[in-house]
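Student: Would you mind keeping the following structure in view while I ask a few things?
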Amino acid sequence: MGASSSIPEKSIHEFTVKDSKGNDVNLSSYKGKVLLVVNVASKCGFTNSNYTQLTELYSKYKDKGFEILAFPCNQFLYQEPGTSEDAEQFACSRFKAEYPIFQKVKVNGPNAAPVYKFLKASKGGWFGSQIKWNFTKFLVDRDGNVIKRYATSTTPLAIEVRPPPPGSSLPVSLSDSNWHLWLQGDVKKALGES
Numbered sequence: 001m002g003a004s005s006s007i008p009e010k011s012i013h014e015f016t017v018k019d020s021k022g023n024d025v026n027l028s029s030y031k032g033k034v035l036l037v038v039n040v041a042s043k044c045g046f047t048n049s050n051y052t053q054l055t056e057l058y059s060k061y062k063d064k065g066f067e068i069l070a071f072p073c074n075q076f077l078y079q080e081p082g083t084s085e086d087a088e089q090f091a092c093s094r095f096k097a098e099y100p101i102f103q104k105v106k107v108n109g110p111n112a113a114p115v116y117k118f119l120k121a122s123k124g125g126w127f128g129s130q131i132k133w134n135f136t137k138f139l140v141d142r143d144g145n146v147i148k149r150y151a152t153s154t155t156p157l158a159i160e161v162r163p164p165p166p167g168s169s170l171p172v173s174l175s176d177s178n179w180h181l182w183l184q185g186d187v188k189k190a191l192g193e194s
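In full-length UniProt numbering, the protein residues as written are 1 to 194.
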């Protein structure tokens with residue numbers, strides 16, 4: 001659900017969504033935080049790697065104003081078949097997820113959740129705005145603006161580490177003393193750490 005006016009939303013903070021138990025959550029409560037919004041599924045080939053890395057990324061940055069918003073979705077080969085509470089239980093028990101798991105949503109089609117319509121309109125993908133698979137990620141800045149979209153194939157930790165600018169020489173190895181200078185990740189940039 002978006003704002004009640006006919007004016008298109010300009011920030012993710014203008015939306016109200018449901019938590020896994022069906023309670024309203026106004027996303028304005030996340031103002032001032034960097035968000036990674038992800039459509040998740042428990043029975044996908046990308047589940048283990050993504051949930052593991054989401055938990056790692058969250059643990060590393062949660063105290064710096066970073067939040068992950070996970071939305072279970074059953075639109076891709078029915079890979080999130082249970083209830084919203086089942087999805088939350090799965091993420092929390094198996095992957096120790098401490099970030100919020102919201103109510104199951106549709107991310108595509110006429111019945112797509114309004115917040116996902118907003119995300120897709122803000123940052124389209126390679127072949128249009130439709131989400132192609134589970135674990136598509138949107139990075140949102142502290143003001144609620146979508147700053148980047150990542151395909152399923154981009155792992156959560158890859159969002160943290162970005163390659164050096166074109167024309168720069170790469171360090172020889174990870175043990176190179178200058179390697180930390182190359183770790184200019186999108187999450188770090190959004191948090192103001194770059």
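Cβ atoms here follow ideal geometry from the backbone N, Cα and C, with glycine treated the same way.
Treat the numbers as computed from the prediction; the structure is a model and nothing was measured.
Does the pairing of the segment 46-58 with the segment 94-105 give three or more beta-carbon distances under 8 Å?
Tutor: Judged by Cβ distances under 8 Å, the segment 46-58 makes contact with the segment 94-105, as three or more pairs qualify.
Student: Specify whether the segment 133-144 and the segment 25-44 touch according to this definition: at least 3 beta carbon pairs, one from each stretch, less than 8 Å apart.
Tutor: With a cut-off of 8 Å, the segment 25-44 and the segment 133-144 count as touching, because enough Cβ pairs lie within range.
Student: Is V105 near F71, with beta carbons less than 8 Å apart?
Tutor: It is a contact, given that the beta carbons lie within the stated cut-off.
Student: Output the distance between the C-alpha atoms of F76 and W133, rounded to the nearest integer angstrom.
Tutor: Whole-angstrom Cα-Cα distance: 6 Å.
Student: Under 8 Å between the Cβ atoms of V146 and K123?
Tutor: The answer is yes: Cβ separation under 8 Å.
Student: Given L27, which residues of its chain have a CB within under 6 Å of its CB, disregarding the five upstream and five downstream residues?
Tutor: Once the five neighbours on either side are set aside, the close Cβ partners of L27 are I12, H13, F15.
Student: Using beta-carbon positions only, say whether S20 and A87 come within less than 8 Å of one another.
Tutor: Yes, these two residues count as a Cβ contact at 8 Å.
Student: If you reduce the DSSP assignment to three classes, tell me which class T154 lands in.
Tutor: Coil.
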